[in-house]
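Residue numbers (the working numbering): 20 to 299.
Quick reminder that beta carbons are idealized off the backbone N, C-alpha and C, glycines included.
In what follows, a structure is listed as structure tokens, so that the remarks can point back to it.
Next up, the structure:
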């Protein structure tokens, strides 16, 4: 059984502004951004959005004008139109920032693209192993499932559409966060409510740090019975331009994950993650 999840983030969870690289790619996928568009009113509006998105916060009208080299009345008019469309908000007089509406639009586009590119490799992994395959991203302190291809075995893990799991108890979350610096990982843990999902769930911060360091060293993560009783998961990160943007995992009943099978699953998951990364 296949499940494809299209994700819409809420403002409360989406804390950081969209980066220039991420947002620029979205714009070029969505609108093409040919040389003709670059010079048009649409092109100028998109450049205004890029500048605001890359700032990580709010900018004054003068700062936007100086960054783009456009006339002040032109930028002021564009900002007014973008405010009417709901993509930009006026924080105070002469100060502007992008809105959650625009961030949701960009995230949805990028996640659809990620799912589309990853899908063929995920299908192959599913066919080779016969087990449940997952594609997920980090949202807040949780992992959200974008794509799930369920095992055809009667005994399998079932993931509901649009579901989330804590990052600390899943191989997906451990893989996605495996390259966070100590400071970034500490900050993530500090805002995470650590709750034992099973009797095996690790919630001690010192032990979790060791698990994080092990995933960082190995390039993959294994979790057994810590998120769901009787389920073993193997996760590996997916990269774009050298940065982790997602992770894939294989969910296997622990009864089918003996030492020999586990090594085979680890190799297959890493190989698939590398294939997807090479196409992003």
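Can you tell me whether residue i is helix, strand or coil according to DSSP?
i	result
residue 179	coil
residue 245	coil
residue 219	coil
residue 187	helix
residue 84	helix
residue 250	strand
residue 276	coil
residue 203	helix
residue 259	strand
residue 271	strand
residue 291	helix
residue 77	coil
residue 264	strand
Please classify residue i as buried or exposed, where buried requires at least 16 other C-beta atoms within 10 Å of its C-beta.
i	result
residue 300	Lying outside 20 to 299, the shown extent of the chain, residue 300 is not represented and no answer is given.
residue 278	exposed
residue 215	exposed
residue 202	exposed
residue 245	buried
residue 75	exposed
Roughly how many angstroms lie between the CA atoms of residue i and residue j, to the nearest whole one?
i	j	result
residue 146	residue 67	46 angstroms
residue 69	residue 224	38 angstroms
residue 143	residue 286	14 angstroms
residue 280	residue 84	59 angstroms
residue 136	residue 103	34 angstroms
residue 247	residue 217	7 angstroms
Candidates the options: which alpha carbon is nearest residue i's?
i	options	result
residue 265	224, 242 and 161	161
residue 130	268, 177 and 259	259
residue 163	182, 171, 203 and 96	182
residue 232	211, 187 and 250	187
residue 192	290, 73, 156 and 122	156
residue 151	251, 102, 206 and 227	251
residue 92	72, 76, 73 and 113	113
residue 199	292, 149, 99 and 263	263
residue 298	148, 139 and 239	139
Any chance you could list the beta strand (DSSP E) runs of at least 3 consecutive residues sitting entirely within the stretch 84-171, in chain order? DSSP assignment within the stretch 84-171 yields the following whole beta strand (DSSP E) runs of 3 residues or more, N-terminal first: 107-111, 114-117, 151-158 and 161-168.
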